[in-house]
Each structure stands twice: as C-alpha cells, then as structure tokens.
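This report refers to the structure that appears directly beneath it.
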Amino acid sequence: MINKELLDPKSIVVVGASNDTGKPGGKVLKNIISNSYQGALYVVNPNDKLVQGIPSHAACKDLPNVDLALIAVSAKFVEEVISTLAKQKSCKAFIIFSSGFGEIGNEGKELEKRCVEIVNSVGGTLIGPNCIGVITPFYKGVFAGPIPVYNPKGCECVSASGATLVFIMEQALTSGLTFSNIFSVGNSAQMGIEDILEYWDKTYDPETSSSIKLLYMEEIRNPQKFLKHARSLVIKGCRIAAIKSGSTDDGSRAVSSHTGSLAGSDMAVSALFRKAGVVRCYSRIELVYVAAIFTHKRLKGKRIAIITHAGGPGVMLTDILTKGGMQVPKIEGPKATELLSKLFHGSSVSNPIDFLATGTAEQLGTILDFVDSELDDIDGSVVVFGTTGMWSVNNVYEMLHEKMNTCKKPIFPILPSVIQAADEVSHFQAHGRVNFKDEVSFGYVLSRVYRTAKPYHTNALAEVDLGSIRSTIENATDGYLTHEQIEKLFKASNIPIAPQRVASHPDQAIKFAIELGFPLVMKVIGPLHKSDVGGVKLNVQNLENVNENYKLLMQIEGANGVLFQKMISGIEVFIGAKKEAGFGHLILCGLGGIFVEIFKDISAGLIPLSEEECLTMIRRLKSYKIIQGARGKEGIDEQLIVQTLLRLSALLQAAPEIEEMDINPLMGNSKSLIAVDVRIRINGKNAVI
C-alpha cells in the first residue's frame, strides 16, 4: 500500500545526486530544490563534497534517518543501497530510477525480487525500478518532463512508461489540463497500477480529491483488483480513461473452437474496461481529449448543436458525430426563424449554426443562450472558433468563458488557431478553461465517452442446479465433453437444447432417426469445421436418405460418429465462452453464419453478466436490426438471448473448469431460442472455484 513517507516525506535523500542536471540524479535534485521542498534534503555522492549547494555524504551509512530515498545509481549497487537505508536508516519509501532490472531478463528479475523483499521486510513502499518518479503536493520527485503547477482537483495520472507519461503531460498542458498526483511505476516490482487505483479508491474524498484518473498500462497484472477499484471509483463519481497498449494478439495461440479464434486478451481488456465504466483510449491524443471532456459539464444526451463561423469544420464535425451514434438535430420552424433574426444576413441556423466569419462575440453569446434555454431537443453545444489572423478573437473567447459559467448545458470549445490566436487561447486557459484543437478528434472521442456506460449493477445469478453441474463436471475427463454430458449441463442450467442422438453404427442411425422424427439434420462428429468438409446434411426426409448420408459422413477423415437432431428453423445465433488467464470467462455473442465467420460481428462481456450488460452486448451488434426483425421477417425476442447469456454466465461460475465453449448455432425466433450445436472443453487443472 502507498504510505505517507512516499506521499509526504519529512526527509528525502537522493542517492546518486549530481551537479550535472543532464543526469537523472542531477535533474531530480534540481526539480526538488526549484519547487521549494520544505523537508530535510540529503544527497549521496562519493565524489563531490557539495552537490547543487547541498553537502554530500560519501555513503548511505553516513546519513541520518530518512523517510524517502530517490535512487539513481547503477542497478548493481541498488540492493546494497536499499538494504542499508531500510535496515539502518528507518527508510520506508523508495523510488528507483535505475534500469537494468526485470526488463533485461532473469538476472534482473531476481535482483528486482530481492529489492522488493527488503522493502517488504520493513513495511515500506517501492516505486519502480525503471521509472521517472512521483509528483505529489509536497515534492517533485521526477527527473524528466514538464513539472505542472499542482492543482488538487487536476488529473491524477499513473503510467507504466515514464517517456509516455512525459508525452501525455506535454499534450495535456497545451490543452489547459492541470494535474495533481502523478506516478510513474516503471517495472512495478512492488507497486503497480492496480495498487495506485486501490490507494485512490480507499482515500477518495469527493470534496478534496481529483475526480479524473488517467492510466497508461502495458499489462494488467490483476484484472479483478483493477475491476474492483476502478468500478468503485466510477461509482463514487470519478471518471477514468485508460490506454492499454499491446492491443493485438499474436495469432499464435492454439485454438480448437470459433470462440478460441475470436476471443483474446485484448477483447478481455475492452470487456473489463466496459464492466468498470472506464473509457478505453488508443493514443495519447485520445487520452488527453477524453480527460478534457471530463473537465466539462456532463453531457446528458446525444443531441449536439454545432456553432461555428467556418463551414468546413462544422461539416466534418457533423459527419464524425453522426458516424459515432450522436445526433446533430436540424433546427427549423419558428425557433429557427427567431434565432436567425438575431444574426447577420447570410447566417445559417439549421445546425451546424454558422454565424459567419464576421460574426461577433455578442452574437455567439446570443446563440449559446438560445440553445441553452429555447432548444429542448439539444443537450449540449460545440463551439468551433478560430481566426485567420486579421483580428483578435479575445472578446469571443471571453464571451465563451462567460457562457460556459452561466449556461446549464455543456459547451465544448474547439479553438483551432494554435499559432495565430496563441495569446487569446492562453488567456482563455488562464481562466481555468480546457479546450480542444481538432474537431474530428473531438467528435470521435465525445462519441466514445457518451457510449461508455456506468458500471453495471450486479443481478442475482440465474438459477441453476449446482449439484447436477458439479456432478457432471467432476465425473468428466479433461478434454471435450460428450453430447450426453453437455445435455446434462444445459438441462441443469435451463438452457434449451435440441434433442440429439449420436450414432456410431448404421443400425443406431435408423433407430435414432425413427425416435426423433423427420425432417432431420445429420452432422459428422470429429472434424471441427463440419461445413467445410461437407459434414452437415440438412432436411433429411426419410430412412433411405438416412442410410445414404450416414455412409457419406462416416467416410470423412476424422469422423467417429454422426449426430442426429430434429431440424429446427429460425435465425442463427452464436454464443461462445473462453477462459482468459487472469480475467475469468469471456462470453461472446452475435448472429451465426457469416456474421461470426466473416464479419466477426460479436460483442463480449466478462462474467458475471448482468441483465443490463447482456442487453448492451446485444444492442452493440451491427446485426442488431436483424435480431429486431427486418424487412418483414420475424426477429428474435432479445430477452431470450439475455436469459441464455445469464444462464450461461451462471453455468460458467459453477463450472470454472470449462475452458472453451461454442454454441453455434442457436436457432431463434420470437418464441424460442434453442441450442443446436454445442462443443465444451474442460480442464480441471486450471479450475478455480
């Protein structure tokens, strides 16, 4: 856990301090001195007696007791430094700038491990190694990057990469964003991003704490811990944006199901973020734009008024907002006429509202007041206003600032003239305002922020027969379950499954065909992709067809039986599940057939699923209109899909041994949803109940 010695140290030692500010030990010392640290400050440098005006100690053993150590020496000396400070000098907080640890291989990992053990033995906190440091209200313990003016309500930030953190701050500061606590955790030998989230969660005070949290992650070491504390913070009123880099799976994983080929760790990350209410970003610019949106009043709907004096940006912003699922409603009728009468001839108010290059600050104020009080079908405004350099726009930006204070609906300022209106933008930001520079980037990000739901409420689990599920699983061997075992699991979970029989002899084929009745579907057992090898025979109408098809199917390479089912009509639905290391089970859903095979139109969620989460998964599908019913064709009752997902979620919680599951397809209509083809693979060794 983060301790007080790290956050508010009464004494700091810089080990490896230097007079050369081009070195980490020199730069961090300069930053601490320049930013008026009020505690006792010590330095260790065996070669200089005076470092930046501070008397130097030759070795750590010569120091008095100290709270926090900033370590900027070669990795091979770090263990000894930590040992001396922890055991002899009562030091409880350590920031290791040095590289040469876990990032270079096993030897470095062992050194890292030993350092952590020493720190843990005294109940201390360790940040790093291989990081750029920490900023708190009490000291600026970083050796790189801009040092932002501290604002207790500014953004709190944690990053696995020091350089990326520097670039994020540079981008953010030019937009007017401010910062409070900043953590660069590097290798996260002891304290990782999940631990910082836990600290923020446990110490959050809505009156004094920052409500904006920004994360840059290269791995999620403890997804459940991340979910617990990120979700808790969002419920408390925080807003979190995060980059998780490494967003492509390497494609080398062995898969034996459709779900295995579709699911992956990156899909699990996105599902985790959605479950926690975290906005996922894919670049520094996106992260900064999301943070900037967080500083404005919350947008309560998706209907936007675009106000500009330049036609092009308004059109581009309209396009990107519409593509993102937002709305730019047309303004017409008496209201439009009334607003137009207040503007110069040639203006347009249909939305975008274009009040021309000659439009005045007063006209902007009039438009914003009108949108705020007269247009009930508008939820917020975006103002795009720059300059060609012919005149100052300071009065326009002052009006914008005033209306952002007085209007009830949010107003988002896009100020594109970063050179010709640099002074005016700077003055605008001096009021505490945050602005955007590009309308398309803004529109793309606003859409994503609006679509990010609050954490879902957890429903009670669907009722399943736990005893029957456990008995079936515990009596099964690792690998693929038999069709009889699958039927037992689905019956215990109240998931309808089509009656089926598996024949391994021609006489059985005839018997099962008579029992089930015609028309039938016959499928080869053994090959994974049955359709690709001609392993599915539909609409089998008589016993002669049964004999003929049985012979053909058993001749397919790898065939070890034939599955018989009563033929069921409807829309094909795909549902699958895969256990993702650390994350738990990921459930996928979509339409079957080409929608999953070619278009990969799927949604994913991590168990346990809630009803609201299931609905969101279904409605996020591009093929959702087919589920609703399209062009006069019957759709599927989406509540049937919801209930199937909830029951599957409960089954997976009861049977963590399940590694992969394909239900492809289920056949659905307005009255029923029945599983037709199911494959389940279990692995008891990886079960955690």
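The letter at position 91 of the sequence shown is residue 89 when you use the working numbering, and the numbering goes up by one with no holes. The C-beta atom is built at its ideal place from N, Cα and C for all residues, glycine as well. None of the values given here were measured: they were computed from a predicted structure.
Local conformation of Gly378 per DSSP, three classes:
strand
Quick one: what's Thr306 bridged to in DSSP?
Asp352, Val382
Would you list the residues sitting across from Gln498 in a DSSP beta bridge?
Gln563
Using the Cβ count rule (16 or more neighbours within 10 Å means buried), how would you classify Ile180?
buried
Taking a contact to mean a Cβ-Cβ separation below 8 Å, would you say Leu398 touches Leu604 in this structure?
no
The beta strand (DSSP E) that contains Pro663, what's its start and end?
656 to 666
Contained beta strand (DSSP E) runs [length at least 3] in the stretch 66 to 153, N- to C-terminal order
66 to 69, 91 to 94, 123 to 125, 131 to 133, 138 to 140
Check whether the Cβ atoms of Lys242 and Arg278 lie closer than 8 Å to each other.
yes
Hey, how far is the Cα of Met215 from the Cα of Gly515?
57 Å
Give the DSSP-derived three-state secondary structure of Gln325 in the structure shown.
strand
Exposure label - Asn537; buried when at least 16 CB within 10 Å:
exposed
Cα-Cα separation, Arg617 to Tyr454
15 Å
Residues that DSSP places opposite Ser157 in a beta bridge
Ser182, Tyr214
What distance in whole Å lies between the Cβ atoms of Glu609 and Leu644, which are believed to be in contact at a cut-off of 8 Å?
7 Å
Using a 10 Å radius around the Cβ and a threshold of 16 neighbouring Cβ atoms, would you call Met520 buried or exposed?
buried
Range covered by the alpha helix (DSSP H) that runs through Cys612:
609 to 617
Where Gly477 falls: helix, strand or coil (DSSP):
strand
Name the one or two DSSP bridge partners that Ile573 has.
Cys587, Ile661
Residues of its chain near Ser268, where Cβ-Cβ distance is below 8 Å and the 5 sequence neighbours each way are ignored:
Arg278, Ala602
Do Thr176 and Pro146 have their C-beta atoms within less than 8 Å of each other?
yes
So Lys300 and Tyr448 are supposed to be a Cβ contact under 8 Å. How far apart are they, rounded?
6 Å
Can you name, in chain order, every residue of its own chain whose Cβ lies under 6 Å from the Cβ of Ala170, other than the five neighbours on each side?
Val286
Alpha helix (DSSP H) containing Ser263: first to last residue?
263 to 274
I'd like the span of the alpha helix (DSSP H) that includes Met402, first residue to last.
392 to 404
Please state whether DSSP places Leu341 in a helix, a strand or coil.
coil
What does Lys242 pair with, by DSSP beta-bridge criteria?
Met215
Using a Cβ-Cβ cutoff of less than 8 Å, which residues in the same chain neighbour Gly139 once the five nearest sequence positions on both sides are dropped?
Ile10, Val26, Asn29, Ile30, Leu66, Leu68, Ile93, Gly131, Val132, Ile133
Count the other CB atoms within 10 Å of the CB of Thr201; is the residue buried (16 or more) or exposed (fewer)?
exposed
Taking contact to mean 3 or more Cβ pairs, one atom from each stretch, closer than 8 Å, check whether the stretch 472 to 479 and the stretch 356 to 372 are in contact.
no
Whole angstroms are fine: how far does the CA of Thr614 sit from the CA of Asn1?
40 Å
Is it buried or exposed for Tyr280, if we count other Cβ within 10 angstroms and need 16 for buried?
exposed
Can you tell me the Cα-Cα spacing of Gly98 and Val13, whole angstroms?
17 Å
Taking a contact to mean a Cβ-Cβ separation below 8 Å, would you say Asn433 touches Ser173 in this structure?
yes
Would Glu422 be called buried (16 or more neighbouring beta carbons within 10 Å of its own) or exposed?
buried
Taking the straight line between their C-alpha atoms, what separation do you get for Asp203 and Ala289?
19 Å
Measuring alpha carbon to alpha carbon, tell me which residue in Leu444, Thr450, Asn492, Thr475 is nearest Asp463.
Asn492
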